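Input: a single structure, listed below in structure tokens.
Residue numbers (the numbering used here), protein chains in the order written: chain A, 94 to 205; chain B, 754 to 865.
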């Protein structure tokens, strides 16, 4: 069972920041928060992951609340090519629950 | 990041036949997973491919229908056996190592 909750869909204007929320209230201490996206007809693409600190890379920023029960993926300047389904996943590859399990994700539509 | 190659990328098969999908990773990885993605749905984990031993299947998936091999740390196969139209889906391979996991582009299977 997926351990995360995401809104089913969101819209964003091109050039604006897209903020995608995720709730993971049952996250355990050694589980990371991962974000992937899936553009139509392609395999999921890794975006970013973090444990407790905020993270930033060339694609996005990840903001994790202090209690780690929720997080937000930020695409700072969304483009039309960012239209995709975004998946928030909690995962500990070295733990007893090592399986990478997907929920339903958020369909982000970037509008011109 | 690991590069994952899946073959074939797509196929159209007759019902009652079997198809073997290959997954090749360009580096040694700890974990390999197989997923199914039905039209309009999220990814469902079929099984974890274990090197040198039987795969670990998720509820609803059985070895007779989806035999999996993993002879080494960089290669795995998934066979979809005795296919029916309900097996028409995208099948995806994933490979993980330490805190990273990446996906192939998938195999789009149509059973007629």
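Backbone N, C-alpha and C fix where the C-beta goes; we use that ideal spot for every residue, glycine too. Predicted model, so just to flag it, every value in this text is computed and none were measured.
Buried or exposed by the 16-neighbour rule on C-beta atoms within 10 Å, applied to residue i
| i | result |
| --- | --- |
| residue 164 (chain A) | buried |
| residue 765 (chain B) | exposed |
| residue 791 (chain B) | exposed |
| residue 130 (chain A) | buried |
| residue 757 (chain B) | buried |
| residue 761 (chain B) | exposed |
Which residues DSSP lists as bridging residue i, in chain order
| i | result |
| --- | --- |
| residue 104 (chain A) | A:202 |
| residue 849 (chain B) | B:784 and B:854 |
| residue 760 (chain B) | B:775 |
| residue 797 (chain B) | B:789 |
| residue 815 (chain B) | Answer is none; residue 815 (chain B) lacks a bridge partner. |
| residue 861 (chain B) | B:763 and B:843 |
Whole-Å CB distance - residue i paired with residue j, under 8 Å assumed
| i | j | result |
| --- | --- | --- |
| residue 168 (chain A) | residue 205 (chain A) | Rounded, the Cβ-Cβ distance is 16 Å, inconsistent with contact. |
Residues near residue i by beta carbon distance below 7 Å, same chain, minus five either side
| i | result |
| --- | --- |
| residue 801 (chain B) | 784, 786, 808 and 809 |
| residue 201 (chain A) | 103, 105, 111, 113, 175, 176, 177 and 179 |
| residue 842 (chain B) | 789, 790, 791 and 862 |
Residues of its chain near residue i, where Cβ-Cβ distance is below 8 Å and the 5 sequence neighbours each way are ignored
| i | result |
| --- | --- |
| residue 828 (chain B) | 775, 776, 777 and 778 |
| residue 754 (chain B) | 853 and 855 |
| residue 158 (chain A) | 164 |
| residue 107 (chain A) | 171, 172, 173, 203, 204 and 205 |
Contacts around residue i, its chain only, beta-carbon distance under 6 Å, and the 5 residues preceding and following it disregarded
| i | result |
| --- | --- |
| residue 144 (chain A) | 125 |
| residue 162 (chain A) | 118 |
| residue 822 (chain B) | 830 |
| residue 850 (chain B) | 782 and 783 |
* Asked: If you scan the stretch 150–205 of chain A from start to end, which runs of the beta strand (DSSP E) of 3 or more residues do you find wholly inside it?
  -> Taking only runs of at least 3 residues, the beta strand (DSSP E) segments lying wholly in the stretch 150–205 of chain A are 154–157, 163–168, 177–184 and 199–204.
* Asked: Considering only residues of the stretch 106–153 of chain A, which uninterrupted beta strand (DSSP E) runs meet the minimum length of 3 residues and lie entirely inside it, listed in chain order?
  -> If we require 3 residues or more, the beta strand (DSSP E) runs fully inside the stretch 106–153 of chain A come out as 111–116, 125–131 and 138–143.
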